[in-house]
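Right, one structure below, let's go through it.
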Amino acid sequence: MIKYESLIEKKRERLAELEQLIGAPGLFDQQARAGELMREHRRTGQLLENWSELQRLNCQIEENIVLSSGEDAELAELAQAELPSLQERVATLEEEVQYALLPRDELEDRDALLELRAGTGGDEAALFVADLLMMYQRFAESRGWHFELLDASPNDIGGFKEVTVRVTGEEVFRFLKYESGVHRVQRVPVTEAQGRIHTSTATVAVLPEAEEVDVQIRPEDLRIETCRSGGAGGQHVNRTESAVQIFHLPTGIMVRCEKERSQLKNRETGMRILRARLFEMKQKEAQRNYSEKRRALIGSGGREEKIRTYNFPQNRITDHRISYTAYNLDVVMANGSLDELIDHMQRAEMAERMDELVS
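In case it helps, our numbering puts the sequence shown at residues 1437 to 1795.
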């Protein structure tokens, strides 16, 4: 951690600046600015506390190592027994310090839209979308997030051709951003009579939720049409034109929403999705400035990039971006236990970003 000391010193200087800014009269005349400064002050203060604690624990570990080799057998045993918990705490603090030292990505605090689409594989691909949807819902629940279905196109056997959901909560995009790409499944489909393993795919796109200030949408750039909803729904579907199609003429993006019975609500949802897609295009332009090495690590976030394989016969899940494999696919799918996979992705990304920062 010696290489981080110069960065820590800069944070100390920044904390002093923040304290002066927070103490200035009229700070709360601009609520947004005041909130931003207060959050930065809290994060910076916590970083420096963690750094001090890390230094103290490293000194204690060195002392325990010396004591564990001493002549006092009882003291040596106690010192040795303390080492695992001290080292575990140090490892946790090192990760927290490393993350806090990285330049803040403003998108990480945002809510997200998840778009899941069936790829190759017909009905089996649609069933895989349904499985992924349940996996993400349970992951969201485990983190205390809210999971809201915005739009869906189900098929006749319980799968989905397309699904769009909104996930809201604390640091949603920070954890879900790694999920964008092509997910490949290898298993025996329920429709397979001869027990052969098939390979199918589904595409996941994770979009940070966009605010109106992020993208400008001019009314003249839109063509909005209403039509009758498809699928089941009884007389309401037959009589009411509640479905909304929004065409963004400059980009050719089309969004269709028909989940709600209210045309107004479908329009609001459609505009939310359109803003997110336009913001995604804007962010991809910015991502071209990433180093080639980092793009290879976390990917481009593109919908065409194969990122993960779910092999059911071997109970294996593999993330191809970091060559990580685990044999707990059943638990991941049933419980939404994505924490281990995401944790490995975050560690790899943090290590790469930190190397860029200190080089």
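The beta-carbon is built from N, C-alpha and C at its ideal position, and this holds for glycine as well.
Q: With a cut-off of 8 Å on the beta carbons, I'd call alanine 1468 and alanine 1554 a contact; round off their distance for me.
A: Here residue 1468 corresponds to residue number 32 of the sequence shown, with the count starting at 1. Here residue 1554 corresponds to residue number 118 of the sequence shown, with the count starting at 1. With a Cβ gap of about 41 Å, alanine 1468 and alanine 1554 do not count as contacting.
Q. Which term fits alanine 1787, buried or exposed, when burial requires 16 or more other beta carbons within 10 angstroms of its beta carbon?
A. Mapped onto the sequence shown, residue 1787 falls at position 351. When all chains shown are included, alanine 1787 counts as exposed.
**Q.** Own chain residues within Cβ distance below 6 Å of lysine 1696, not counting five before or after
**A.** Taking the first residue of the sequence shown as 1, we reach residue 1696 at position 260. For the sequence presented, residue 1696 should be read as glutamate rather than lysine. So the list reads Asn1702, once near-sequence residues are dropped.
**Q.** For glutamate 1530, the first and last residue of its enclosing alpha helix (DSSP H)
**A.** As a position in the sequence shown, residue 1530 is number 94, starting the count at 1. Residues 1509-1537.
Q | With 16 other Cβ atoms within 10 Å as the buried cut-off, status of isoleucine 1660 | A | The residue given as residue 1660 occupies position 224 in the sequence shown. Exposed, because fewer than 16 other Cβ atoms sit within 10 Å of the Cβ of isoleucine 1660.
Q | glycine 1617 - DSSP class collapsed to helix/strand/coil | A | Counted from its first residue, the sequence shown places residue 1617 at position 181. The answer is strand: DSSP assigns glycine 1617 an E or B state.
Q | Which listed residue (Ser1488, Glu1498, Glu1792) has its alpha carbon closest to that of glutamine 1516 | A | In the sequence shown, residue 1516 corresponds to position 80, counting from 1. Answer by Cα proximity: Glu1498.
Q. Excluding five sequence neighbours on each side, which residues of the same chain lie with their C-beta closer than 6 Å to the C-beta of asparagine 1674?
A. Here residue 1674 refers to the residue found at position 238 of the sequence shown. Low local confidence applies: a pLDDT of 41 at asparagine 1674 is under 50, so the model's placement there is unreliable, with the coordinate-based value given in what follows. Excluding positions up to five away in sequence, the list is empty.
Q) Does the distance from the C-beta atom of arginine 1713 to that of leucine 1643 stay below 8 Å? A) Position 277 of the sequence shown holds residue 1713. Position 207 of the sequence shown holds residue 1643. In terms of Cβ geometry, arginine 1713 and leucine 1643 form a close pair [threshold 8 Å].
(Q) Check for me: the alpha helix (DSSP H) holding histidine 1477 runs from which residue to which? (A) Position 41 of the sequence shown holds residue 1477. Looking at the DSSP string, the run of the alpha helix (DSSP H) that includes histidine 1477 is 1467-1504.
Q) Quick one, which of Asn1747, Asn1771, Glu1785 has its alpha-carbon nearest arginine 1757's? A) Taking the first residue of the sequence shown as position 1, residue 1757 is located at position 321. Measuring C-alpha to C-alpha distances from arginine 1757 to each of Asn1747, Asn1771, Glu1785 identifies Glu1785 as the nearest.
Q. Going by other Cβ atoms of all chains shown within 10 Å of its Cβ, with 16 needed for buried, is phenylalanine 1609 buried or exposed?
A. Within the sequence shown, the letter at position 173 stands for residue 1609. For phenylalanine 1609, the number of other beta carbons within 10 angstroms of its own is at least 16, and it is reported as buried.
Q) By the 10 Å Cβ neighbour count, where 16 or more other Cβ atoms means buried, how is glycine 1595 classified, buried or exposed? A) Position 159 of the sequence shown, counted from the first residue, corresponds to residue 1595. With 16 or more other Cβ atoms within 10 Å, it is buried.
Q: Identify whether proline 1590 lies in helix, strand or coil by the three-state DSSP scheme.
A: Start at 1 with the first residue of the sequence shown, and residue 1590 comes out as number 154. Looking at proline 1590 - three-state DSSP - the assignment turns out to be strand.
Q. Candidates Thr1528, Gly1631, Tyr1746, His1780: which alpha carbon is nearest leucine 1493's?
A. Residue 1493 sits at position 57 when you count from the first residue of the sequence shown. When each option's Cα is compared against that of leucine 1493, the closest is Thr1528.
Q) How is phenylalanine 1564 classed by DSSP in three states: helix, strand or coil? A) To locate residue 1564, count along the sequence shown from 1; it is residue 128. Per DSSP, reduced to three states, the secondary structure at phenylalanine 1564 is helical.
Q. Just curious, the alpha helix (DSSP H) that leucine 1612 is in, first and last residue?
A. Within the sequence shown, the letter at position 176 stands for residue 1612. It spans 1608-1612 - the alpha helix (DSSP H) in which leucine 1612 sits, taken as one unbroken run.
Q: Taking the CB atoms as reference points, tell me whether leucine 1522 and asparagine 1486 lie closer together than 8 Å.
A: Walking along the sequence shown from the start, residue 1522 turns up at place 86. Walking along the sequence shown from the start, residue 1486 turns up at place 50. For leucine 1522 and asparagine 1486, no; Cβs fall outside 8 Å.
Q: Quick one: residues in its chain with C-beta nearer than 6 Å to the C-beta of arginine 1546, no 5 flanking neighbours on either side, listed in chain order?
A: Residue mapping note: residue 1546 aligns to position 110 of the sequence shown, counting from 1. Same-chain partners within the cutoff: Phe1609, Pro1644, Glu1645.
Q) With C-beta atoms as the reference, is isoleucine 1709 less than 8 Å away from leucine 1549? A) Within the sequence shown, residue 1709 is the residue found at index 273, counting from 1. Within the sequence shown, residue 1549 is the residue found at index 113, counting from 1. Yes; because the gap between Cβ atoms is below 8 Å, this pair is in contact.
Q) Which residues mark the beginning and the end of the beta strand (DSSP E) in which isoleucine 1638 is found? A) For the purposes of this step, residue 1638 is taken as residue 202 along the sequence shown, with counting starting at 1. The displayed chain sequence assigns alanine, not isoleucine, to residue 1638. Taken as a continuous stretch (DSSP letters only), the beta strand (DSSP E) holding alanine 1638 covers 1634-1644.
Q: State the start and end residues of the unbroken alpha helix (DSSP H) segment that holds glutamate 1455.
A: Reading the sequence shown from its first residue, position 19 is the one you call residue 1455. 1441-1459 is the extent of the alpha helix (DSSP H) around glutamate 1455.
Q) Rounded to a whole number of angstroms, what is the C-alpha to C-alpha distance between glutamate 1656 and leucine 1483? A) Within the sequence shown, numbered from 1, the residue matching residue 1656 stands at position 220. Within the sequence shown, numbered from 1, the residue matching residue 1483 stands at position 47. Glutamate 1656 and leucine 1483: Cα-Cα distance of roughly 48 Å.
Q. When the Cα atoms are used, what is the spatial distance from glycine 1459 to glutamate 1453?
A. Reading the sequence shown from its first residue, position 23 is the one you call residue 1459. Reading the sequence shown from its first residue, position 17 is the one you call residue 1453. The alpha-carbon atoms of glycine 1459 and glutamate 1453 are separated by roughly 10 Å.
Q.
Pop quiz: tyrosine 1760 and arginine 1752 are said to be a contact at Cβ under 8 Å. What is the actual Cβ separation, rounded to whole angstroms?
A. Position 324 of the sequence shown, counted from the first residue, corresponds to residue 1760. Position 316 of the sequence shown, counted from the first residue, corresponds to residue 1752. 11 Å between Cβ atoms; not a contact.
(Q) Output needed for glycine 1580: all residues of its chain with C-beta closer than 8 Å, excluding positions within five of it in sequence on either side, in chain order. (A) Indexing the sequence shown from 1 puts residue 1580 at position 144. When the five nearest sequence neighbours on each side are left out, the beta carbons in the same chain lying within less than 8 Å of the beta carbon of glycine 1580 are those of Gly1605, Glu1606, in order along the chain.
(Q) So, with DSSP's three-state summary, where would you put leucine 1777? (A) In the sequence shown, the residue the question calls residue 1777 occupies position 341. The answer is helix: DSSP assigns leucine 1777 an H, G or I state.
Q) If you draw a straight line from the C-alpha of glutamine 1456 to the C-alpha of isoleucine 1444, how long is it? A) Residue 1456 sits at position 20 when you count from the first residue of the sequence shown. Residue 1444 sits at position 8 when you count from the first residue of the sequence shown. When rounded, the distance between both Cα atoms is 19 Å.
Q. Do alanine 1566 and arginine 1479 have their CB atoms nearer than 8 Å?
A. For the purposes of this step, residue 1566 is identified with residue 130 of the sequence shown, where counting begins at 1. For the purposes of this step, residue 1479 is identified with residue 43 of the sequence shown, where counting begins at 1. Against a cut-off of 8 Å, the Cβ pair of arginine 1479 and alanine 1566 comes out as no contact.
Q | glutamate 1532 versus Val1618, Thr1687, Ile1778, Leu1490, residue with shortest Cα-Cα distance | A | Numbered from 1 along the sequence shown, position 96 holds the residue referred to as residue 1532. Closest option to glutamate 1532, Cα to Cα, is Leu1490.
Q: Within its chain, find whatever has a CB closer than 7 Å to the CB of alanine 1574; leave out the 5 residues flanking it on each side and keep chain order.
A: Stepping through the sequence shown from its first residue, residue 1574 is reached at position 138. First, the amino acid is wrong: residue 1574 is arginine here, not alanine. Counting only Cβ-Cβ distances below 7 Å, and skipping sequence neighbours, we find Asn1771, Gly1772.
Q. Identify the residues that DSSP records as bridge partners of alanine 1548: which are they?
A. Taking the sequence shown and counting its residues from 1, one reaches residue 1548 at position 112. Per DSSP, Val1603, Pro1644.
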